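So the sequences go chain by chain: X and G. Here the first sequence is numbered in my numbering, starting from 40 and rising by one per residue. Here the second sequence is numbered in my numbering, starting from 40 and rising by one per residue.
2 protein chains.
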Amino acid sequence: MAVYTDVSDQELEAFIASYDIGALTSFKGIAEGVENTNYLVHTDADPFILTLYEKRVRAEDLPYFLSLMEHLAARGITCPLPVRDREGRILRELAGRPAALISFLEGVWIRRPDIVHCTELGTALAKFHLAGLDFPMRRDNDLSLPGWRSLFDDVRGAADGVIPGLHDAIAGELDFLGAQWDTNLPVSVIHADLFPDNVFFLGDKLSGLIDFYFACNDMMAYDVAVCLNAWCFEPDGSFNVTKARAMLQAYERARPLTEPELDALPLLARGAALRFLLTRTYDLLNTDANALVKTKDPREYLRKLRFHQRVQSYRDYGLGSD
Amino acid sequence: MAVYTDVSDQELEAFIASYDIGALTSFKGIAEGVENTNYLVHTDADPFILTLYEKRVRAEDLPYFLSLMEHLAARGITCPLPVRDREGRILRELAGRPAALISFLEGVWIRRPDIVHCTELGTALAKFHLAGLDFPMRRDNDLSLPGWRSLFDDVRGAADGVIPGLHDAIAGELDFLGAQWDTNLPVSVIHADLFPDNVFFLGDKLSGLIDFYFACNDMMAYDVAVCLNAWCFEPDGSFNVTKARAMLQAYERARPLTEPELDALPLLARGAALRFLLTRTYDLLNTDANALVKTKDPREYLRKLRFHQRVQSYRDYGLGSD
Numbered sequence: 040m041a042v043y044t045d046v047s048d049q050e051l052e053a054f055i056a057s058y059d060i061g062a063l064t065s066f067k068g069i070a071e072g073v074e075n076t077n078y079l080v081h082t083d084a085d086p087f088i089l090t091l092y093e094k095r096v097r098a099e100d101l102p103y104f105l106s107l108m109e110h111l112a113a114r115g116i117t118c119p120l121p122v123r124d125r126e127g128r129i130l131r132e133l134a135g136r137p138a139a140l141i142s143f144l145e146g147v148w149i150r151r152p153d154i155v156h157c158t159e160l161g162t163a164l165a166k167f168h169l170a171g172l173d174f175p176m177r178r179d180n181d182l183s184l185p186g187w188r189s190l191f192d193d194v195r196g197a198a199d200g201v202i203p204g205l206h207d208a209i210a211g212e213l214d215f216l217g218a219q220w221d222t223n224l225p226v227s228v229i230h231a232d233l234f235p236d237n238v239f240f241l242g243d244k245l246s247g248l249i250d251f252y253f254a255c256n257d258m259m260a261y262d263v264a265v266c267l268n269a270w271c272f273e274p275d276g277s278f279n280v281t282k283a284r285a286m287l288q289a290y291e292r293a294r295p296l297t298e299p300e301l302d303a304l305p306l307l308a309r310g311a312a313l314r315f316l317l318t319r320t321y322d323l324l325n326t327d328a329n330a331l332v333k334t335k336d337p338r339e340y341l342r343k344l345r346f347h348q349r350v351q352s353y354r355d356y357g358l359g360s361d
Numbered sequence: 040m041a042v043y044t045d046v047s048d049q050e051l052e053a054f055i056a057s058y059d060i061g062a063l064t065s066f067k068g069i070a071e072g073v074e075n076t077n078y079l080v081h082t083d084a085d086p087f088i089l090t091l092y093e094k095r096v097r098a099e100d101l102p103y104f105l106s107l108m109e110h111l112a113a114r115g116i117t118c119p120l121p122v123r124d125r126e127g128r129i130l131r132e133l134a135g136r137p138a139a140l141i142s143f144l145e146g147v148w149i150r151r152p153d154i155v156h157c158t159e160l161g162t163a164l165a166k167f168h169l170a171g172l173d174f175p176m177r178r179d180n181d182l183s184l185p186g187w188r189s190l191f192d193d194v195r196g197a198a199d200g201v202i203p204g205l206h207d208a209i210a211g212e213l214d215f216l217g218a219q220w221d222t223n224l225p226v227s228v229i230h231a232d233l234f235p236d237n238v239f240f241l242g243d244k245l246s247g248l249i250d251f252y253f254a255c256n257d258m259m260a261y262d263v264a265v266c267l268n269a270w271c272f273e274p275d276g277s278f279n280v281t282k283a284r285a286m287l288q289a290y291e292r293a294r295p296l297t298e299p300e301l302d303a304l305p306l307l308a309r310g311a312a313l314r315f316l317l318t319r320t321y322d323l324l325n326t327d328a329n330a331l332v333k334t335k336d337p338r339e340y341l342r343k344l345r346f347h348q349r350v351q352s353y354r355d356y357g358l359g360s361d
């Protein structure tokens, strides 16, 4: 939760007037989005989200993210759509920050996803991957293997202070993944951060996806592995194979996984667990106590990593024999 | 800025279903309100504010605040209106907290009020006081002289660590005010915290008042003195007598101040400055660094107190000779 950058009423009124969206009637900072500052803006026409991009998002990546939203929306993926100002621009500046006005997406995120939500997610993820296949821009995943090594360099000295034994656990896993990581699987645009708070529902129906600020070009099955981690474990740490099966079967109805993708799932799930273990450890060690941000517990992802280390094959994720 | 209490989608959907306001389409925690947790809730009918009352608000005071909003709205004061559920209740419980659903008030608060805003404020404040005269409930101002003494007891040991000399400054002022404080001035309901962030505007027109959680029965002229402090100083600390004159003249067009009220204004302004100096000092010393709240600078109110100590008469606030 965060509002890092204050915008004055005068700045905002002038900004809104440069769009053809009616007059400003309300704006409130919202306590969502760890990376950026978000305001919920009402005009006499519609609600909008105004995002001010903070330092952790690289300005040169913004055209990729914003164009991706337009690309996906044009292909029927429900997601927020950047609004063009009277001069046709989607990327602007406000209060000294890169800024974009984005359409408001109805829906609420599900605090405790059930099987029906995992099914909806699987379908939406596959459609997202298919829609991304012809997206012409390119962005590397800076939180893949080389990024993980770099994060480990930043935290290695303090890791055991976060969780005893964490240093060796990460070092060993990095060695293992470094020898095995398979980059020959099918690629597309991946979301790379499709946690429950980035997926909106109206009732039991998925109403849209948000927050594309980790999106990049990478292996589609890695995105599936991120979702296995984010959606299919219970609060007590146990893996819910019924949810995983529901998600994977729904995914495969829209986009069947190839045999090499299926075989790589346990490895990719280890990589995805390590990615969030590393960033959570980094954030815990580097978040200023005054930064108005709640940090998340790295232990959760160490436990998930341990689970995937014991997995024998993709069948352990609930998919039937082939 | 704060969301102290998380509400799950399931809890909220069940809560909203107990009102006749349409189906939930969105809810987002908003980064406003230092004391309570606020969510902006959209249904397919309207937007609403959902407030969860945190520990600093006494549950037994909530009927006063909520009834006051209904009383004021019935008398034409634009303010949020508590919504009644299907059983007619306005005070509910949600996520273990007292909670109320309140109508959404359009408008934005003015970061740097100008003369026109001070004029609007003066009119609205007088009308608020007049509308409160026949409000039948009663609540003492727990942040008046006895409350200040109690706050000073809490901070006296650490005050000089906040600002050198602060202990003696507060002690001396409390002695002075204790001997002079006049409780025989006309009383009504006062807002007691009518800072710019609690006053909404659409363009240059005041669109409503919010946040009645310090409201109480006390001297109307004390409320005027709070606004002199909150609206009529510039960011550099200087007093803007033009703004003060505009606010006071507008107030007097709707409700003329009595001669004893005018004479007491410098004293009341000292008391109001001391009140915010004390609460800001207390908050600075008692806010957990992890509490996701930005504390405000007490120095600002020490400077304002020094200003009012040098004031000779109410004429120094811009009112002409009588």
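By construction, the Cβ of each residue, glycine as well, lies at the ideal position given by its N, Cα and C atoms. Bear in mind that the values here come from a model prediction, so they are computed numbers and not experimental data.
Residues near residue i in its chain [Cβ-Cβ closer than 6 angstroms; skip 5 each side]
{"i": "G/L245", "result": "E159, A163"}
{"i": "G/D361", "result": "Any reading at G/D361 needs caution, since the residue's pLDDT is 46, under 50, leaving its predicted position unreliable; the model's value is listed next. Around G/D361: no qualifying Cβ."}
{"i": "G/I55", "result": "L63"}
{"i": "G/D232", "result": "F253"}
{"i": "G/Q301", "result": "According to the sequence provided, residue 301 of chain G is Leu. The question's Gln does not apply to it. Around G/L301: Y353."}
{"i": "G/G276", "result": "R342"}
{"i": "G/A308", "result": "A264, L267, H347"}
{"i": "G/R123", "result": "I129"}
{"i": "G/E212", "result": "L313"}
Within-9 angstroms CB hit, residue i to chain G
{"i": "X/D336", "result": "no"}
{"i": "X/W148", "result": "yes"}
{"i": "X/D361", "result": "Here X/D361 scores only 45 on pLDDT, less than 50, and its place in the model is too uncertain to base an answer on."}
{"i": "X/F54", "result": "no"}
{"i": "X/T320", "result": "no"}
{"i": "X/H397", "result": "Because residue 397 of chain X is not part of the residues shown, which for chain X are 40 to 361, the question remains open."}
{"i": "X/T64", "result": "yes"}
{"i": "X/D250", "result": "no"}
{"i": "X/L89", "result": "no"}
Spatial neighbours of residue i in its chain, beta-carbon cut-off 7 angstroms, leaving aside the 5 residues before and after
{"i": "X/P137", "result": "Y92, A98, L101, L130"}
{"i": "X/L133", "result": "V46, E50, F54, L91"}
{"i": "G/R294", "result": "A165, H168, L169"}
{"i": "G/A112", "result": "C118, L120"}
{"i": "X/A283", "result": "L267, C271, Y356, G357"}
{"i": "X/D59", "result": "R125"}
Close Cβ partners of residue i (< 8 angstroms) along its chain, the five nearest in sequence each way excluded
{"i": "X/P86", "result": "L79, V80, F143"}
{"i": "X/R178", "result": "D100, Y103, A254, C255, N256"}
{"i": "G/D181", "result": "C255"}
Cross-strand partners of residue i (DSSP beta bridge)
{"i": "G/M258", "result": "G/V226"}
{"i": "X/S65", "result": "X/H81"}
{"i": "X/T76", "result": "X/L91"}
{"i": "G/D179", "result": "G/N256"}
{"i": "X/V238", "result": "X/L248"}
{"i": "X/P86", "result": "X/H81"}
Closer than 9 angstroms to chain X by CB, residue i
{"i": "G/I365", "result": "The question about residue 365 of chain G has no answer here: the residues shown for chain G are numbered 40 through 361."}
{"i": "G/P86", "result": "yes"}
{"i": "G/L140", "result": "no"}
{"i": "G/V42", "result": "yes"}
{"i": "G/T117", "result": "no"}
{"i": "G/F363", "result": "Past the edges of chain G, shown from 40 to 361, lies residue 363 of chain G, and the structure says nothing about it."}
{"i": "G/H347", "result": "no"}
{"i": "G/S57", "result": "no"}
{"i": "G/L51", "result": "yes"}
{"i": "G/S47", "result": "yes"}
{"i": "G/F278", "result": "no"}
{"i": "G/F143", "result": "yes"}
Near the ligand ADP: residue i beta-carbon under 8 angstroms from a heavy atom
{"i": "G/L184", "result": "Among the components modelled here there is no ligand, and therefore nothing to report on the ligand ADP."}
Proximity test, Cβ basis, 9 angstroms: residue i and chain A
{"i": "G/L79", "result": "Going by chain labels, chain A is absent from the structure shown, which instead holds the protein chains X and G."}
- Task: For the stretch 94-155 of chain G, list the alpha helix (DSSP H) runs that are entirely contained and at least 4 residues long, ordered along the chain.
- Result: For the stretch 94-155 of chain G, the full-length alpha helix (DSSP H) segments reaching 4 residues or more read 101-113 along the chain.
- Which parts of the stretch 256-295 of chain G are runs of the alpha helix (DSSP H), unbroken and 4 residues or longer, counting only runs that do not cross its ends? Every unbroken stretch of the alpha helix (DSSP H) spanning 4 or more residues and falling wholly within the stretch 256-295 of chain G is given here in chain order: 259-270, 280-293.
- Task: Select from the stretch 226-246 of chain X all residues with a C-beta closer than 9 angstroms to any C-beta belonging to chain G, and list them in chain order.
- Result: Those residues of the stretch 226-246 of chain X placed with their C-beta closer than 9 angstroms to a C-beta in chain G are F239, F240, L241, G242, S246, ordered along the chain.
- Message: Tell me which residues of the stretch 145-179 of chain X have at least one Cβ-Cβ distance to chain G shorter than 9 angstroms, keeping chain order.
- Response: Hits within the stretch, in order: E145, G146, V147, W148, I149, R150, R151.
- Task: Scan the stretch 93-121 of chain G for residues whose Cβ lies nearer than 7 angstroms to a Cβ of chain X and list them as they occur along the chain.
- Result: Answer in chain order: no residues at all.
- the stretch 277-305 of chain X: which residues have C-beta closer than 9 angstroms to a C-beta of chain G, in chain order? Residues passing the 9 angstroms Cβ filter: none.
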